[in-house]
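Written below as structure tokens is the structure these notes are about.
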Amino acid sequence: MEIKVVRKVLDVNERMAEQNRRRFAEKGIFVLNVMSSPGSGKTSVLVKSLQHMMPEIRPAVIVGDICTSNDADRLSVTGSPVVQVNTDEFGGDCHLAAHVIEKAAEDIDLDAIDLLIVENVGNLVCPAEFDIGEDARAVVLSVTEGEDKPLKYPLMFRECNAAVLNKTDLLPYLDYDIKAAEENILQIHPDMPVFKMSAKTGEGLEPWIEWIKAQIRAKKTVCKD
Ligand SMILES: Nc1nc2c(ncn2[C@@H]2O[C@H](COP(=O)(O)OP(=O)(O)O)[C@@H](O)[C@H]2O)c(=O)[nH]1
Ligand SMILES: [Mg+2]
Numbered sequence: 006m007e008i009k010v011v012r013k014v015l016d017v018n019e020r021m022a023e024q025n026r027r028r029f030a031e032k033g034i035f036v037l038n039v040m041s042s043p044g045s046g047k048t049s050v051l052v053k054s055l056q057h058m059m060p061e062i063r064p065a066v067i068v069g070d071i072c073t074s075n076d077a078d079r080l081s082v083t084g085s086p087v088v089q090v091n092t093d094e095f096g097g098d099c100h101l102a103a104h105v106i107e108k109a110a111e112d113i114d115l116d117a118i119d120l121l122i123v124e125n126v127g128n129l130v131c132p133a134e135f136d137i138g139e140d141a142r143a144v145v146l147s148v149t150e151g152e153d154k155p156l157k158y159p160l161m162f163r164e165c166n167a168a169v170l171n172k173t174d175l176l177p178y179l180d181y182d183i184k185a186a187e188e189n190i191l192q193i194h195p196d197m198p199v200f201k202m203s204a205k206t207g208e209g210l211e212p213w214i215e216w217i218k219a220q221i222r223a224k225k226t227v228c229k230d
């Protein structure tokens with residue numbers, strides 16, 4: 006019985022996610038779902054990325070947290086449109102669901118953007134289970150979290166299309182084996198691009214930005230055909 010209920014929730018989400026995906030495709034928008042544990046640096050990576058991409062790329066961000074508009078305040082400094090979702094209004098969910106994205110997108114001019122970034126609620130488990138209608142998923146892992154997290158939370162790393170290894174500026178102060186971390190990511194998801202960077206210094210940002218731009222170009226080409 007419990008399984009049926011869970012399946013029904015996921016089926017409803019799946020339908021709504023497909024609806025979102027069609028709507029974003031009509032507008033030729035590339036949608037990137039960014040996930041991680043709390044504090045690995047999602048907002049910091051996104052602020053730096055937006056600063057590098059704009060105005061060539063026209064982005065918007067939907068950011069989810071259980072409470073506060075802190076991240077929206079930080080992201081807005083870039084000049085990008087930002088919509089903050091607080092999931093305490095939806096029962097304090099630990100992830101963003103497709104219907105939440107549909108509602109948040111009502112506040113965005115979809116004719117004026119090429120890229121919609123979703124900063125998901127900080128959590129390495131639940132967000133990986135919910136399709137929100139995105140085109141690609143990226144996981145941010147920071148060097149303070151331990152090399153073994155990809156092995157402990159494999160679904161997240163299996164479901165993502167790119168990984169960011171953030172806070173590399175801290176490596177001189179840590180006993181962190183970045184090679185082992187990368188190998189663990191690739192053990193779960195062979196061939197996944199892994200972008201090592203510091204959102205603080207901006208070092209290593211460029212290949213990640215190029216990856217996003219390539220996805221945007223690919224999306225526009227597919228949507229035109
Ligand atoms: N040293 C260092 N600190 C970082 C870096 N990226 C983020 N932080 C810090 O890590 C903390 C959490 O970052 P935040 O962007 O809020 O992470 P989020 O919860 O995943 O969105 C903040 O204190 C940031 O200043 C980085 O590349 N290097
Ligand atoms: Mg954040």
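According to the numbering used here, the residues represented by the sequence shown are 6 to 230, in order.
Cβ atoms here follow ideal geometry from the backbone N, Cα and C, with glycine treated the same way.
Fair warning: this is a prediction, and the values are worked out from it, not measured in the lab.
Closest Cα partner of residue i within the set the options
i	options	result
LEU191	GLU164, THR206, GLY96 and ASP93	GLU164
ASP233	ALA77, GLY44, LEU179 and VAL126	Residue 233 lies beyond the residue range present for the chain, which begins at 6 and ends at 230; the question has no answer from this structure.
LEU252	GLU188, GLU134 and ALA141	Because residue 252 is not part of the residues shown, which for the chain are 6 to 230, the question remains open.
PHE135	GLY44, LYS9, LEU179 and GLU19	GLU19
LYS172	ASN38, MET59, VAL145 and TYR158	VAL145
THR48	VAL36, ASP78, PRO132 and ILE34	ASP78
ILE217	CYS131, LEU160, ARG26 and MET58	MET58
THR83	ALA102, LYS53 and ARG26	LYS53
Reduced DSSP secondary structure (H/G/I, E/B, other) of residue i
i	result
MET21	helix
LEU121	strand
LEU37	strand
VAL68	strand
VAL130	coil
VAL82	coil
Neighbour flag for residue i against chain C, beta carbons, 9 Å
i	result
ASP112	Looking for chain C here will not work: only one protein chain is present.
Inter-residue CB distance, residue i and residue j (contact presumed, cutoff 8 Å)
i	j	result
LEU121	PHE200	Contact flag wrong, Cβ pair sits at about 20 Å.
ILE5	VAL90	The displayed coordinates of the chain run from 6 to 230. Any statement about residue 5 would go beyond what the structure contains.
LEU3	GLU124	Residue 3 is absent from the structure shown; the chain starts at 6 and stops at 230.
ASN75	HIS100	Actually they are not in contact, since the Cβ atoms of ASN75 and HIS100 sit about 19 Å apart, beyond 8 Å.
ASP114	PHE35	ASP114 to PHE35, Cβ: 16 Å. No contact.
>> As an exercise, report each continuous alpha helix (DSSP H) stretch of at least 4 residues that is fully enclosed by the stretch 136 to 167, in chain order.
In response: 154 to 157 and 159 to 164
>> Restricting to runs no shorter than 4 residues, where is the alpha helix (DSSP H) found entirely within the stretch 160 to 221?
In response: 183 to 193
> Near ligand 2, which residues have their beta-carbon less than 6 Å from any of its heavy atoms, given in chain order?
Replying inline: LYS47, THR48, ASP76 and GLU124
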